[in-house]
Each structure stands twice: as structure tokens, then as C-alpha cells.
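Asks: This is the structure, below, for whatever I ask next.
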Amino acid sequence: DLLFINDLFPKDWQAFFLGREQNYLKAPSDALKASLFTGLVNLDFVYTPRFDADRYITGERLSYWNPLLSRRAGQDAIVTARIPDRWFKDDEFAGRLYRNFSGVEAAIYGYHGFWKSPMGFDPATMQATFPTLSVVGASLRTPLLGGIGNVEGGYYRSEDHDGTDPFIPNDEFRFLAGFEKELLPELTLSLQYDLTHTAGDDATLCAANPNACSGAQNDHLLTLRLTRLLLQQTLTLSLFTFYAPADEDLYLRPLVAYQLNDHWSLSAGANIFWGKEDDTFFGQFEKNTNLYAALRFAF
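In the working numbering, each number is its position in the sequence shown, counted from 1, plus 29.
Written out as C-alpha cells, the structure is:
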């Protein structure tokens, strides 16, 4: 639920943080999909002939923490990135094997392509880069304690597998556990715990330049979603909370939505960022806190 390990299709983070409909978080992608259904296992395969990056934060509409300037930056320091864009060379492959075992949904995932946001940096050109990335993972989803429980994991093998390049992310192990339950009629609670373990740098690099060395790191993230449906499910009250205990920062997404009729709907909400420090993930966006309202017509 708004946390992605094995879903490596492009995301529109600008739309998400600015209050557009949550459906717009999934950015469009030019891709080919094939599916195979058998009595034993089902297969989905997706081929993207040219890399589709996330619509990431650039500073044009949302400010961010710039480590080179050691401060928040925006339109005065637009992120310029070298995006892999060669057809049939800078391509992506994604696959999923899945099956239902007596109500337990099990899946195995694979991906090969690039980091979806510019996680690397080229000091020669002063441009952000998209290092190559391969991912293998698995997930389980099952009825649990009157609700639904799920676990998911993934191994991110980065281009800098040995941890010798300080400008490219190291390998990561990611784990997610979630639980969702209807506490009362029309009142649903969802909880998630997310762990990202980042491998440390190569020992030789650390010995040569201790200041540029980063050790193994564990990042923890907790989420809580409360959803209340009223007026025959035409009125939705929702609060989604992200909290990172180590970084001491958080992100709140309150929402009120009302379905006027089959075509028209109203919604209002907020994106509230806070952090004890300016350079943490949610803390860097504190100045981007915003309120929004929308009138939507669907047909």
C-alpha cells in the first residue's frame, strides 16, 4: 500500500506529492505485456523497449535537499539527469510467477533495467545518472487474524555490486510486512513495516578514504492507514501516515472525498511533511506542505 519493492514500473512522485488523484501515482509506460495461464502456475512478462524513468523530484515544482549545496534547493538548482533512452538497448524486463494455494497468494518476481529515479551521480559532468539494476523478490498474501496479512521481500543488485564506487548505490535487501483489518463496519485499519538494508562499501575503499565510506545501514519505515466510509459509502474519510523512527520525520496524507453521483466527485486533502532535520527523506520536503481540492468528472 504505497510502498513498492517488486513493482518497478514508473511512478509519478510529483503528482503524488502535489495532491493529484492517487491513481496518477502510476505513470504511463510504453511496454509490451504477455501472460500465460496454466493449472500449475501463471506468468506475466513485461518488456519495455526503452527505459521509462519515474517522474522524480527535480526542483521545478517541489524543492528538495541538494547534498552538493548542503541546503534545500528548487528552481535555482534543477536536477539534470542523463536518462538511458536508446530503443532496444536501454530496455527493461519484468516478470511475475504467481499462484493461489488455498487462499494464499504467492508470487516470485524478477526485473532487469535501471534504478527508476536518478540514484547515481557523474562527477565529471555533474549530472545525475540511472545505474543499472537487477531485482529478484517474492511475496505472500493470506487471511490472518480476521484480516489480510502480507509479506514481501526483494534483493536489489546494483551496478556497483562490490561497493567500490561512492557515486552509485550499493546493493539493498528490502522487506515489507503488512496487515489490514476492518475494525468496525466501514472502518478499516492498515499497518505496514518496511525495512531497507543497504550493504556497506568495499573495505579497500573505506581504508583509502574513510570520509567517503558508508557502512551497512538499516532504514525503517512505518505506515498507518485509517479509512472510514459514511453515507452509504459515498463519503470517504482517510488518513495515511508515513513515519521513519530513525530519521524522525513523517508524511501525513489526510483526505476527504465525496461521490456526488456516478460521474462527479469532490475531494480535498493535504500533503504534510515534517522532519527534525532538513536532509532526511520527508524532512527535505517540509517547505512543500500543501492543501488541495479537486472536482472530478468520470465517464
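For each residue, glycine too, the CB sits at the ideal point set by N, CA and C.
Here the structure is a predicted model, which means the values were calculated and not measured.
With DSSP as the reference, identify every bridge partner of V70, one or two as the case may be.
Replies: For V70, which the question treats as bridged, DSSP gives no partner whatsoever.
Asks: Going straight from the alpha carbon of D291 to that of D105, what length do you get?
Replies: Spanning the two alpha carbons is a distance of roughly 44 Å.
Asks: Out of curiosity, what's the CA-to-CA distance linking D83 and L260?
Replies: Going from the Cα of D83 to the Cα of L260 covers about 37 Å.
Asks: Can you tell me where the beta strand (DSSP E) holding A157 begins and where it ends?
Replies: 156-158 is the extent of the beta strand (DSSP E) around A157.
Asks: I want to know whether the region 120-133 touches the region 141-160 - three or more CB-CB distances under 8 Å.
Replies: They touch, by the three-pair rule.
Asks: If I follow the unbroken beta strand (DSSP E) through Q262, where does it start and stop?
Replies: Premise fails: Q262 is in no beta strand (DSSP E) and is neither H nor E.
Asks: Does the pairing of the region 88-105 with the region 303-317 give three or more beta-carbon distances under 8 Å?
Replies: The region 88-105 vs the region 303-317: in contact.
Asks: I'd like to check one pair, G298 with L289: are the Cβ atoms closer than 8 Å?
Replies: Their beta carbons are not under 8 Å apart, which means L289 does not touch G298 by this criterion.
Asks: Any idea if S131 is buried or exposed, counting beta-carbon neighbours within 10 angstroms, 16 or more meaning buried?
Replies: When all chains shown are included, S131 counts as exposed.
Asks: Please say whether H249 and A286 have beta carbons closer to each other than 8 Å?
Replies: Their beta carbons are not under 8 Å apart, which means A286 does not touch H249 by this criterion.
Asks: In the structure shown, what three-state DSSP assignment does A44 receive?
Replies: Helix, per DSSP.
Asks: On a CA-only basis, which of F196, D194, T161 is nearest R186? Give me that one, please.
Replies: Nearest option by C-alpha distance: T161.
Asks: Kindly indicate which residue of N317, P195, G207, S163 has the alpha-carbon position closest to the one of F150.
Replies: Cα-wise, what sits closest to F150 is P195.
Asks: Would you call T67 buried or exposed, if buried means 16 or more other Cβ atoms sit within 10 Å of its Cβ?
Replies: Looking at its Cβ environment, which holds fewer than 16 other Cβ atoms inside 10 Å, T67 is exposed.
Asks: Within 10 angstroms of the Cβ of F117, are there 16 or more other Cβ atoms? Answer buried if so, exposed if not.
Replies: Classification for F117: exposed.
Asks: Between G48, I34, Q246, which lies nearest to N319 when the distance is taken from Cα to Cα?
Replies: Looking at the Cα atoms, G48 is the closest of the given residues.
Asks: Near S267, what residues of its chain come up, given a Cβ to Cβ distance below 6 Å and the 5 sequence neighbours on each side ignored?
Replies: If we look at S267 and ignore the five residues flanking it on each side, its Cβ neighbours are T256, L284.
Asks: Is the CB of F66 under 8 Å away from at least one CB in chain D?
Replies: You won't find chain D in this structure, because it holds only one protein chain.
Asks: Could you tell me the alpha carbon to alpha carbon distance between F1 and H226, rounded to whole angstroms?
Replies: Absent from the model: residue 1. The displayed extent of the chain is 30 to 328, so no value can be given.
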